[in-house]
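> This is the structure, below, for whatever I ask next.
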């Protein structure tokens, strides 16, 4: 059994020696304060109640956008934005729910990261949204990985997310899955993905039947969809490549 050894120095003695100590290069964090303003102007009435105080670490190290912003000359240290609750960094046009979801991914509160599996689809979509916007590349890959595992994320929803946040693999797989499944595309689904896209997917299905091949075989679904959406897939892959981590 480990025996408890009480501190031998008083807090006064430790404070007197603090200026002689060196700060650990890895585990000495400075914090930053954020306040979210959903409106376009920084008025008291439009600012949400929540203020967030978190380590600067991932904002400086993991986001190209924030790294550039936080590297700007700070000026008077007393009035630096983000140093105090009274002078936070204001993020406009965001909801607290979206930002909190990103912080859950960046700063897990549990030692065992069970919160990754307990986070909802909506929370991971928020992580995908903000990590794409602010180029948190590791967090973006984590969000894609977690959402990929969610069986309850519908095909059409995955396609819409792929288009909005440049996830090329989801776009291709979504079109193929719609072409290969037995159910026809519903009117509501066609509205969401676009009538032209729905029509071209239906063309691929009809071509499969006309050729009397094995119904919705993997090769058939892949080859026909690849041919009909070749240019769209190329554009999606180009956009998605902008978020690849450097080798």
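Numbering (the UniProt record's numbering), first residue to last: 1 to 247. C-beta: ideal position from N, C-alpha, C; glycine also. On a predicted model such as this, the values are computed, not experimentally measured, just so you know.
Within a Cβ cutoff of 7 Å, which residues of the same chain sit near residue 187, ignoring the five residues on either side of it in sequence?
So the list is empty, once near-sequence residues are dropped.
> The beta strand (DSSP E) that contains residue 53, what's its start and end?
Segment 51-55, the beta strand (DSSP E) holding residue 53.
> So within the stretch 81-158, which uninterrupted beta strand (DSSP E) runs reach at least 3 residues, ignoring any that extend past its ends?
Entirely contained in the stretch 81-158, the beta strand (DSSP E) runs reaching 3 residues are, in chain order, 89-92.
> Could you tell me the alpha carbon to alpha carbon distance between residue 242 and residue 21, rounded to whole angstroms?
Roughly 43 Å between the two C-alpha positions.
> Please classify residue 34: does DSSP put it in a helix, a strand, or coil?
Residue 34: strand per DSSP, three-state reduction.
> Is DSSP giving residue 219 helix, strand or coil here?
Its pLDDT being 48, under 50, residue 219 is placed unreliably by the model, and nothing is read from it.
> Quick one: using the 10 Å Cβ neighbour count with 16 as the cut-off for buried, is residue 256 buried or exposed?
This structure leaves residue 256 out entirely; the chain is present only between 1 and 247.
> Report the option in 51, 60, 120 whose CA atom is closest to the CA atom of residue 86.
Checking every option, the nearest Cα to that of residue 86 belongs to 51.
> How about residue 33 and residue 82: are their beta carbons less than 8 Å apart?
Yes, the Cβ-Cβ distance between residue 33 and residue 82 is below 8 Å.
> For a test of the three-state rule: what should DSSP assign to residue 240, helix, strand or coil?
In the structure shown, residue 240 sits in a helix (DSSP, three-state: H, G or I).
> Excluding sequence positions up to five away, which residues of its chain have a Cβ less than 7 Å from the Cβ of residue 167?
Excluding sequence neighbours, residue 167 sits near 144, 161, 240.
> Figure out for me which residue from 70, 157, 57 has the closest Cα to the Cα of residue 191.
The residue with the shortest Cα to Cα distance from residue 191 is 157.
> Of the residues 133, 103, 209, which one's Cα is nearest the Cα of residue 119?
Minimum Cα distance to residue 119 is reached at 103.
> Going by beta carbon distance, what residues of the same chain come within less than 6 Å of residue 225, once the five residues before and after it are set aside?
Excluding sequence neighbours, residue 225 sits near 175, 176, 179, 204.
> Less than 8 Å between the beta carbons of residue 127 and residue 101, yes or no?
Yes. Within cutoff.
> Does at least one heavy atom of the ligand COA sit under 7 Å from the Cβ of residue 186?
Absence of the ligand COA from the depicted structure is noted, as is the absence of any ligand whatsoever, leaving it without description.
> I'd like to confirm the pairing. Which residues does DSSP put opposite residue 63 in its beta bridges?
Answer is 136, bridged to residue 63.
> Measuring CB to CB, does residue 229 end up less than 8 Å from residue 200?
In contact: residue 229 and residue 200 (Cβ atoms closer than 8 Å).
> At a Cβ threshold of 8 Å, is residue 159 touching chain C?
No chain C is present in this structure, which holds just one protein chain.
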